[in-house]
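A.B. asks:
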Amino acid sequence: MESSGGDAETPSFGPRVLVVGGGIAGLGAAQRLCRHPAFPRLRVLEATARAGGRIRSERSFGGVVEIGAHWIHGPSQGNPVFQLAAKYGLLGEKELSAENQLMETGGHVGLPSVSYASSGGSVSLELVAEMATLFYSLVDQTREFLHAAEPPVPSVGEYLKKEISQRAARWTEDEGTRKLKLAVLDSFFSLECCVSGAHSMDLVALAPFGEYSVLPGLDCTLPGGYQGLIDGILASLPQDMMVFNKPVKTVHWNGSFQEATSPGETFPVSVECEDGTRFPAHHVVLTVPLGFLKERLDTFFEPPLPTEKAEAIRKVGFGTNNKIFLEFAEPFWEPGCQHIQVVWEDASPLQDAAPAMRDTWFRKLIGFLVLPSFPSAHVLCGFIAGLESEFMETLSDAEVLQALTHVLRRATARSSEWSSCRGAAGVPANGGISVLRKPPAPGAQGRAEVALAQRPVHQGLLQLRGCGQHRRRHRPAGSAPPHGRREAPGRVPPASLDRPGAAGTQGWWMWLAPQDLFSL
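Quick note: the sequence shown uses the UniProt record's numbering, first residue 1, plus one each step.
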């Protein structure tokens with residue numbers, strides 16, 4: 001849909017509001033705003049030809065495949081994503097049951113159905129469970145330093161390794177068993193990197209780690225796909241509200257802009273698109289991913305953001321997660337298998353090895369999830385995070401397939417025909433998970449950058465909120481609806497609600513985006 005900032009069907013009076021970004025954060029903000037009588041002139045600018053952002057369900061392998069967001073984490077009444085999914089009829093009886101909503105998982109991933117050693121053969125699930133209990137108990141301990149005057153070490157990784165080293169020194173088993181225990185623990189480190197969106201847990205600050213809030217409920221998927229959530233929100237919006245294929249180049253703010261179709265009216269913000277189109281507005285809700293903002297920070301705002309705020313945004317960590325889909329002619333796993341783990345027997349979280357990425361990137365995989373049965377396909381979904389994930393993006397499908405075929409055939413000591421291999425195509429490259437980084441100096445707090453990035457640049461004019469900046473929910477895609485709904489109506493100066501003309505003197509925009517209640 002083309003637009004020059006005006007539309008014959010758009011009401012002529014009231015503050016003009018633009019939402020930049022058609023992901024779930026932007027759609028959530030638009031849904032709330034369009035119901036508010038103070039915002040009769042509202043548009044959503046989306047860079048691509050589709051809405052949903054990192055939510056992307058595709059028909060493939062004969063069924064629904066989630067290219068982006070996968071689960072609802074903590075599906076219970078306190079979770080707005082769960083509430084929306086229930087409202088739109090996207091959940092089954094089991095997911096809606098009180099039993100499922102009350103289940104406490106502590107935010108930890110369940111145990112694998114089967115665990116393979118990288119050189120072949122199975123790893124005892126009793127040993128895996130023992131190491132999982134140890135690892136997750138230590139992860140829970142890291143949350144206890146939230147209000148400590150000074151954490152014992154700067155990062156989560158350093159704390160975990162220190163505690164594991166002390167406990168490993170007391171193990172009485174033979175050397176082979178002790179090494180296998182450390183190898184299993186190393187696989188849980190990779191899993192936690194994927195959950196936290198970090199290359200290494202050494203990069204995650206210990207002090208604020210306990211700020212992340214875990215909701216009750218057993219993680220669940222949406223049988224018909226997450227896209228149903230987007231479709232439901234879109235159906236509630238006016239048909240002409242979305243403007244597709246409008247990537248934004250620059251946000252001009254704190255100015256006085258005019259438009260030929262609105263003589264005599266001035267706007268404090270003008271959003272310039274890549275194709276040269278300009279959208280003047282009184283208020284702008286900006287919902288771009290943190291990765292996109294970090295990449296274009298120097299050119300995206302005119303005038304530039306204040307130095308201290310720009311530096312805060314640069315310092316907030318942001319990680320990468322990827323999915324890999326593998327299709328088999330016949331399954332090698334047993335019926336009922338849900339999660340396949342591969343343990344690298346020579347790995348240890350207590351050793352810092354840095355071999356060539358090309359030869360070892362696949363060791364960062366947390367394993368494979370068995371996707372629900374499709375009529376004519378058997379599909380595994382692998383998850384990988386960090387620099388290894390980014391390196392994988394540089395490889396061809398054939399190279400990825402060759403590496404993972406070798407890993408699985410060696411670990412399972414079986415052969416199987418592979419008919420396709422797919423990466424997470426379509427997920428924005430700048431999508432991912434924000435990380436509260438380890439402080440760069442003793443006494444500094446990783447969460448300080450988040451607070452600074454949230455501080456208003458100009459009271460009533462410029463406010464940044466959203467992707468990577470929720471103190472208790474900093475994972476992708478999930479708390480976008482509460483961000484959009486909470487922030488969108490509440491930051492508008494009262495004068496602009498009563499007198500449309502006043503809006504031109506006190507416009508504002510903010511930064512909103514997906515967070516944490518469901519993940520990639």
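Glycine included, C-beta positions come from ideal geometry on N, C-alpha and C.
If you're wondering where the values come from, they're calculated on a predicted model, not measured in any experiment.
Got a sec, what are the start and stop residues for the beta strand (DSSP E) residue 323 sits in?
C.D. replies: Its beta strand (DSSP E) spans residues 321-328.
A.B. asks: Could you pull out every residue in the same chain whose Cβ sits closer than 6 Å to the Cβ of residue 46, ignoring the five residues on either side in sequence?
C.D. replies: Contacts found: 22 and 244.
A.B. asks: Does the separation of the CB atoms of residue 288 and residue 339 fall below 9 Å?
C.D. replies: No. Outside cutoff.
A.B. asks: Quick check on residue 542: does DSSP put it in helix, strand or coil?
C.D. replies: Only positions 1 to 520 of the chain appear in the structure, and residue 542 is not among them; the question remains open.
A.B. asks: Please classify residue 392: does DSSP put it in a helix, a strand, or coil?
C.D. replies: Correct three-state label for residue 392: helix.
A.B. asks: Per DSSP, what are the beta-bridge partners of residue 18 in this structure?
C.D. replies: In DSSP, residue 18 forms a bridge with 43 and 284.
A.B. asks: With H, G and I counted as helix, E and B as strand and the rest as coil, what does DSSP make of residue 131?
C.D. replies: Of the three classes helix, strand and coil, the one that applies to residue 131 here is helix, per DSSP.
A.B. asks: Could you check which residue in 198, 219 and 368 has the C-alpha nearest to that of residue 112?
C.D. replies: Residue 112 has its Cα closest to that of 368, out of 198, 219 and 368.
A.B. asks: Please classify residue 316: does DSSP put it in a helix, a strand, or coil?
C.D. replies: Three-state result, residue 316: coil.
A.B. asks: By Cβ distance below 6 Å, which residues in the same chain neighbour residue 151 in space, the five residues on each side in sequence not counted?
C.D. replies: Answer for residue 151: 145, 206 and 207, listed in chain order.
A.B. asks: Can you give me the C-alpha to C-alpha distance between residue 27 and residue 171, rounded to a whole angstrom?
C.D. replies: Roughly 53 Å separates the two Cα atoms.
A.B. asks: When you compare only the Cα positions, how much space is there between residue 402 and residue 57?
C.D. replies: Roughly 26 Å between the two C-alpha positions.
A.B. asks: What residue range does the alpha helix (DSSP H) around residue 159 cover?
C.D. replies: Unbroken alpha helix (DSSP H) run through residue 159: 156-168.
A.B. asks: Using only alpha-carbon positions, find the residue among 392, 334, 347 and 329 that is nearest to residue 357.
C.D. replies: Of the listed residues, the one whose Cα sits closest to residue 357 is 392.
A.B. asks: Classify residue 388: buried if its beta carbon has 16 or more other beta carbons within 10 angstroms, exposed otherwise.
C.D. replies: Answer is buried; the Cβ neighbour count reaches 16.
A.B. asks: Under 8 Å Cβ to Cβ from residue 412, same chain only, skipping five residues before and after it: list those, please.
C.D. replies: The residues are 116, 120 and 332.
A.B. asks: Run through DSSP, which three-state label would residue 37 get?
C.D. replies: Residue 37: coil per DSSP, three-state reduction.
A.B. asks: State the DSSP-derived secondary structure class of residue 13, mapped to helix, strand or coil.
C.D. replies: If DSSP states are grouped into helix, strand and coil, residue 13 belongs with coil.
A.B. asks: Whose C-alpha, out of 299, 252, 383 and 42, is nearest the C-alpha of residue 188?
C.D. replies: Comparing Cα positions, the closest option is 383.
A.B. asks: Alpha carbon to alpha carbon, how far is residue 422 from residue 342?
C.D. replies: Low confidence applies here, because residue 422 scores a pLDDT of 45, under 50, leaving its location unreliable and the question unanswered by this model.
A.B. asks: Based on Cα-Cα distance, which residue from 282, 330, 248 and 349 lies nearest to residue 301?
C.D. replies: The option with the nearest alpha carbon to residue 301 is 248.
A.B. asks: In this structure, does DSSP put residue 368 in helix, strand or coil?
C.D. replies: Note: residue 368 maps to strand in three-state DSSP.
A.B. asks: Can you name, in chain order, every residue of its own chain whose Cβ lies under 6 Å from the Cβ of residue 72, other than the five neighbours on each side?
C.D. replies: So the qualifying residues of the chain are 81, 82, 220 and 518.
A.B. asks: Return the CA-CA distance between residue 223 and residue 325, expressed in angstroms with no decimal places.
C.D. replies: So the alpha carbons of these two residues sit roughly 18 Å apart.
A.B. asks: Are residue 124 and residue 344 closer than 9 Å when you measure CB to CB?
C.D. replies: In this structure, residue 344 does not lie closer than 9 Å to residue 124 by Cβ.
A.B. asks: If you draw a straight line from the C-alpha of residue 406 to the C-alpha of residue 51, how long is it?
C.D. replies: For residue 406 and residue 51, the distance between alpha carbons rounds to 38 Å.
A.B. asks: May I have the straight-line CA-CA distance separating residue 209 from residue 359, to the nearest angstrom?
C.D. replies: Cα to Cα, the separation comes out at about 32 Å.
A.B. asks: What separation, rounded to the nearest whole angstrom, lies between the Cα atoms of residue 321 and residue 231?
C.D. replies: Between residue 321 and residue 231, the C-alpha separation is close to 25 Å.
A.B. asks: What is the C-beta distance between residue 278 and residue 297, in whole angstroms, given that I count them as a contact (C-beta under 8 Å)?
C.D. replies: Rounded, the Cβ-Cβ distance is 21 Å, inconsistent with contact.
A.B. asks: Secondary structure at residue 383, three-state DSSP: helix, strand or coil?
C.D. replies: Residue state, collapsed to three classes: strand.
A.B. asks: In its own chain, which residues sit with a C-beta less than 8 Å from the C-beta of residue 17, not counting the 5 before and 5 after it?
C.D. replies: So the list reads 33, 39, 41, 42, 43, 281, 282, 283, 284 and 285, once near-sequence residues are dropped.
A.B. asks: Once DSSP output is grouped into helix, strand and coil, what is the label at residue 358?
C.D. replies: Three-state DSSP puts residue 358 in a helix.
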